[in-house]
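The structure appears right after this line, and notes come after that.
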Amino acid sequence: MALAPVPKLVLGSVAFAIFWVLAVFPAVPFLPIGRTAGSLLGAMLMVIFRVISPDQAYEAIDLPILGLLFGTMVVSVYLERADMFKYIGKLLSWKSRGAKDLLCRICVISAVSSALFTNDTACVVLTEFILKIAKQHNLPPHPLLLALATSSNIGSAATPIGNPQNLVIAVQGRISFGQFLIGILPAMLVGVVVNALILMAMYWKDERIQCRYAAAESNPTVSQHMSHFNSYLNARIDSFNIPNSPQVQTLRNRSAAIDGEIDRVLSNTLDSTRNSNASKEETNGMPPLTKEEINGSPSKDDGIVDKPVEAHVLLTLEEKDYTSVRWKYILWKSCVYIITLGMLIAMLLGLNMSWTAISAALALVVLDFKDARPSLEKVSYSLLIFFCGMFITVDGFNRTGIPGALWDVMEPYSRVNQASGVAILALVILILSNVASNVPTVLLLGGPVAASAAAISQADEKKAWLILAWASTVAGNLSLLGSAANLIVCEQARRAPNIAYTLTFWSHLKFGLPSTLIITAIGLTLIR
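Residues in the sequence shown are numbered from 1 upward in steps of one, following the UniProt record's numbering.
Here it is in structure tokens:
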């Protein structure tokens, strides 16, 4: 591809460099505006410098990707409200049989949940659970946190909804959910197993940690704490707090109003009956009874009979309200799970992924049958805006001709129908994903790599997209800065109250470098 004129080339490179610095280092001292504002700044500079026109900037925004991203985020919000992630967290400590079992369980659960609910969501939900379990079992949290972060990245590679770069690849490569899953699932499964084995080889080389686990189990104090922890998890599972929920409070208010209405009606009825009886008695020549004679003096027996009856009636109403709201909540949760499962099945059947995700999100909003604003406010709109700015910035940089010229030099050595070509391509993706982040790497390399592979065969084109997905995702395990999931685990662990732990850059790199290289190489042989 020919290079653009020098002014356009230089100004486009400057705009992209500013975007890259703010995307990789969002808190730089000279301009601490963050990633989202940095992507918008890069996009605006591309237009101001006339690298691209305003119309071209609008065309660069990929609406299907944004729609799919928005829909999956809304579905995740409702799944969180339906306690899905609390159940997943409870699986970590359910009938655990030792430290190695716990580590393997973390690898499997985080990988599967990342494939279905995105790796960032899995890391946000599971980090604190893992820290609590590590403390109760007297285990070092470092290998467990590494298992969570790295397995989440590996697991997210299996589906288009596992991470943002896969969304881009699935939409731009026109790869269905089923094709994507079948193509990468074997590599993902083997990758998770190998990742767990490397963790055990590096951190469970002797029995010291296993002995610490056994000591924690036999220690009554620790056992007592573990019992409290299980109670905490159960409380978190039941945190809907039905007796004090707004729905129940509303029902109680209604019940009180109904009771008052019943008393008023009964009183009116009694007065009407008294008046009627008095009229009849006067007609028969009998003097009407006085109010005292009708009511009689209150007796202790009346109080003994009436108060338990009243208490029983109130208790019955409370139980009915409680049961009614509980069953409504269980029904609502079941419907949320069914709609989510339906969304995944529809994607597997090849329906449009963006509209399927949006339809599932709207179905959940309607099913909730109340103002959706609190739920929609939990959607990461800053991420959607970041993507808009990134689409424009990367498209402008592509128009400078620099990525195309670099690919022309590398393309003869990176053909996907040759083992050496696949290895070189994967190495380039690994480096760029850690230098420029994985999503910009996919946007920069996706088109040229797919076009080069399409010249060989259509099957090789799909394989090239899947190689790009696998390598760019697993590349996130190389360093602490390679993936947003890594940073989420690091920050969540550092800020956890009473159980904080700091995951350092070098401690992550010590494991991430060999793990990334080995798992990437093994996975490339299994991608079809």
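Cβ coordinates follow ideal geometry from the N, Cα and C atoms, glycine included.
Could you name the residues of the same chain whose beta carbon sits closer than 8 Å to that of Asn151, not counting the 5 residues immediately before and after it, in chain order?
-> Checking the displayed sequence, the identity of residue 151 turns out to be Ser instead of Asn. So the list reads Ile106, Cys107, Val108, Ser110, Ala111, Ser114, Val192, Asn195 and Ala196, once near-sequence residues are dropped.
Go ahead and pull the three-state DSSP assignment for Lys135.
-> helix
Identify the continuous alpha helix (DSSP H) that holds Phe16 and give its terminal residues.
-> Val6 to Val24
CA-CA distance, Val416 and Gln492?
-> 39 Å
Other residues of its chain near Pro448: CB distance less than 6 Å, five sequence neighbours each side excluded = Trp407
Would you kindly work out how many angstroms separate the C-alpha atoms of Ser176 and Thr159, rounded to a whole number?
-> 10 Å
Three-way DSSP call (helix, strand, coil) for Asn153 in this model | helix
Glu461 beta carbon less than 9 Å from that of Ala469 = no
Neighbourhood of Tyr501 by C-beta distance below 6 Å, restricted to the same chain and skipping five residues each side | Pro141 and Ala493
Could you pull out every residue in the same chain whose Cβ sits closer than 7 Å to the Cβ of Met353, ignoring the five residues on either side in sequence?
-> Leu68, Pro160, Ala170, Phe177 and Met347
Are the beta-carbon atoms of Leu144 and Leu102 separated by less than 9 Å?
-> yes
Determine the contact status of Gln172 and Thr441, defining contact as a CB-CB distance below 9 Å.
-> no
Could you give the distance in angstroms between the alpha-carbon of Tyr78 and the alpha-carbon of Gly183?
-> 29 Å
Quick one: using the 10 Å Cβ neighbour count with 16 as the cut-off for buried, is residue 533 buried or exposed?
-> A query on residue 533 cannot be resolved here, the shown segment of the chain reaching from 1 to 528 and no further.
Does DSSP classify Phe505 as helix, strand or coil?
-> helix
Three-state class that DSSP yields for Arg377 in the structure shown | The residue asked about is misnamed: residue 377 is Glu in this sequence, not Arg. If DSSP states are grouped into helix, strand and coil, Glu377 belongs with coil.
Looking only at C-alpha atoms, which of Ala17, Ala43, Ile52 and Val74 sits nearest to Ala372?
-> Val74
Three-state secondary structure (DSSP) of Ala521 | helix
Over the uninterrupted alpha helix (DSSP H) stretch that includes Leu463, give me the two end residues.
-> Checking the sequence shown, residue 463 turns out to be Lys, not Leu. Unbroken alpha helix (DSSP H) run through Lys463: Gln458 to Val474.
Whose C-beta lies closer than 6 Å to the C-beta of Gly523 among residues of the same chain, with five residues either side of it excluded?
-> Ala187, Gly191 and Trp470
By Cβ distance, which residues of its chain are closer than 7 Å to Ala15, with the 5 residues on each side in sequence left out?
-> Gly42, Leu45, Met46, Phe49, Val51, Thr393 and Gly396
Contact set for Cys388: own chain, Cβ-Cβ below 6 Å, skip 5 residues either direction = Ile61
Would you kindly check if the distance between the Cβ of Cys123 and the Cβ of Ala149 is under 9 Å?
-> yes
Boundaries (first-last residue) of the alpha helix (DSSP H) holding Glu411 | From DSSP, Glu411 is part of no alpha helix (DSSP H); its letter is neither H nor E.
Using the rule of at least 16 other Cβ atoms within 10 Å of the residue's Cβ for burial, across every protein chain shown, is Ser433 buried or exposed?
-> buried
Would DSSP call Met390 helix, strand or coil?
-> helix
What separation, rounded to the nearest whole angstrom, lies between the Cα atoms of Ile527 and Leu351?
-> 23 Å
Mark Asp321 as exposed unless 16 or more other C-beta atoms lie within 10 angstroms of its C-beta, in which case mark it buried.
-> buried
Exposed or buried, Asn498, counting other C-beta atoms within 10 Å across all chains shown (16 or more means buried)?
-> exposed
Touching by the beta-carbon criterion (3+ pairs, under 8 Å), the segment 504 to 522 and the segment 479 to 487 = yes
Run of the alpha helix (DSSP H) containing Gly67, from where it starts to where it stops | Leu63 to Arg81
In the structure shown, what three-state DSSP assignment does Leu526 receive?
-> helix
Where does Asn498 fall in DSSP's three states?
-> coil
Where Met84 and Leu509 are concerned, what is the direct C-alpha to C-alpha distance, given to the nearest angstrom?
-> 32 Å
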